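To convert, count from 1 in the sequence shown and add 766; that's the working numbering.
Just below is one structure, and these are the notes that go with it.
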Amino acid sequence: MDSMAYNPYVLDRRVSDWLYEKRFEALSVLWQAAGQTCLEVVGSEVHFRGLIEFSNHCRRNCLYCGLRAGNHRIERYRLSAEQIFTCVQTAVRLGMGTVVLQSGEDPDLSLEWMSDLVRRIKQETNLSVTLSLGERSEKELEHWRWAGADRYFMRFETSNLHVYNRLHPPLCGRKPFHRLELLKVIKRLGYETGSGIMVGLPGQTHEDLVRDIELLIRLDLDMIGLGPWLLHPGTPLGRNPGRYCTRFERQVSNLEETTYKVMAIVRLLCPMVNMPATTALTTLNRKTGIELSLTRGANVIMPDLTPMEYRKLYEIYPAKTDACQDDGDFKKLFERLEKLKRRPGTGPGRSMRHACNLKTKECSSQN
Ligand code: SAH
């Protein structure tokens, strides 16, 4: 990345000014503008994506994540295709338009097994399928797209190469910042493409955050997921965050408010994206995190549909929220949306940007 960040203006102020802003009245203007833009551009529907965390096996050793290979304290699991399909049926029964299949970077996930699973979901339901399986080979990504997968989600986590390299020991033979190249491949294959960052990673400065936002804009994404970094005591970063932090006044905080600021800014700069109220954020504020996210730029919720006995094992960070454990909880969630005058989305909740691009391509091929 260039050393100077392009610092775009949002509501007549530089992004960095917003990131340092503390005054309640000023921030209210930002929240209000982001909420309004979301309603005007992507609409008042809130799309439900049923999250199925189907494997916590991981070959990577990311310093922040509880699933890292070096964490021998967690029990590892991988759901069978049948178990996953039961979760998929729950998504259908609850009227969701999408399932998100997420896992650690599981080396034993085979190309064929995953292709069969995606194909079956596409043949037997009307659901859109999002994959979030980490860095996979181009061949795998291509086959899963052919099998019918609609979307791929992979965060670049931070645009600061130094911080990135320190936190993500690369696999043998891979370039350190492989994710950016892969995101290009994912886009070329025609997936709706999602990425994002963690806010408040030890070592991340405010200038980094401006560059992160710039990169999110440049990548021209369909989905952007933003969550605070949460300390996991079983990880190197969690055991000794101070060792990785930068000077106090430069270090970005991993507070709820900082994350809302980034969400609101991103909604104003990339108005067409689909943006979830992330689990990490709603873990910080179980009571009103969903409401605050939805009124400050988010338009997607991702309830966890993983079978109850496995949820606690997908421990990327401790005490993950688990807002929906049964049908009663879903009813409560719908009531919370009603209070905000938002309604659950119907259909797959496709990306507007993706749809616009396809139209443009069709028009230019006709001309
Ligand atoms: N294996 C997939 C999915 C990883 S989990 C992949 O690599 O893309 C999804 C996201 O959880 C990660 O991209 C990361 O941004 C987030 N995450 C992991 N550990 C976290 C932590 N300690 N605090 C907050 N978010 C975390």
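C-beta atoms are modelled at their ideal positions from N, C-alpha and C, and glycine is treated no differently.
Keep in mind that this is a model prediction, so the values were computed, not measured.
Would residue i and residue j qualify as a contact pair, given that the criterion is a beta-carbon distance under 8 Å?
i, j, result
"R1077", "D1088", "yes"
"V1018", "T971", "yes"
"V1032", "I1067", "no"
"Y1026", "P968", "no"
"L893", "A857", "yes"
"R839", "G1000", "yes"
"E1194", "D988", "This structure does not reach residue 1194, given that the chain is present from 767 up to 1133, and the question cannot be answered."
"A799", "L1034", "yes"
"S810", "R1062", "no"
"L897", "W912", "no"
"K888", "G914", "yes"
"C828", "H934", "yes"
"M1038", "R917", "no"
"I850", "L907", "no"
Assign residue i to one of two classes, buried (16 or more other C-beta atoms within 10 Å of its C-beta) or exposed (fewer than that).
i, result
"V866", "buried"
"D768", "Note that D768 scores a pLDDT of 47, beneath 50, so its modelled location is shaky and nothing firm can be said."
"F919", "buried"
"D1092", "exposed"
"C831", "buried"
"G962", "buried"
"Y775", "exposed"
"S846", "exposed"
"E947", "exposed"
"S876", "exposed"
"M1074", "exposed"
"W879", "exposed"
"D778", "exposed"
"F1096", "buried"
"L1021", "exposed"
"A1030", "buried"
First and last residue of the beta strand (DSSP E) that includes residue i?
i, result
"G962", "E958 to V965"
"G993", "M989 to P994"
"H909", "Counting along the chain, H909 falls outside any beta strand (DSSP E), though it belongs to the alpha helix (DSSP H) covering E904 to A913."
"L829", "That residue, L829, is in no beta strand (DSSP E); it is neither H nor E in DSSP."
"Y918", "R917 to F919"
"G816", "E811 to S821"
"L897", "S894 to S898"
Whose CA, out of the options, lies closest to the CA of residue i?
i, options, result
"L981", "L949, G1004 and L997", "L949"
"E923", "R917, V951, H944 and E908", "H944"
"E1081", "L777, F820 and E1104", "F820"
"K1086", "D1070, R789, R921 and A915", "D1070"
"P1007", "M1038, V1039, Q849 and G966", "G966"
"M964", "Q802, L833, N773 and T1024", "T1024"
"L860", "R885, T891, M1041 and S881", "T891"
"R1016", "N1065, Y786 and C1090", "Y786"
Along the chain, where does the alpha helix (DSSP H) containing residue i start, and where does it finish?
i, result
"S1059", "G1055 to T1061"
* To do: Could you tell me whether the stretch 980-995 touches the stretch 1040-1050, where touching means 3 or more Cβ pairs closer than 8 Å?
  => Short answer: they touch.
* At least 3 beta-carbon pairs within less than 8 Å: the stretch 790-798 vs the stretch 811-827 -> The way I'd put it, the stretch 790-798 doesn't touch the stretch 811-827; fewer than three beta-carbon pairs between them come closer than 8 Å.
* Decide if the stretch 1121-1128 is in contact with the stretch 890-905; the criterion is three or more beta carbon pairs, one per stretch, under 8 Å apart. => No, the stretch 1121-1128 is not in contact with the stretch 890-905.
* To do: Determine, using beta-carbon pairs with one atom in the stretch 1113-1122 and one in the stretch 859-874, whether at least three such pairs fall under 8 Å.
  => Contact holds: three or more Cβ-Cβ distances are below 8 Å.
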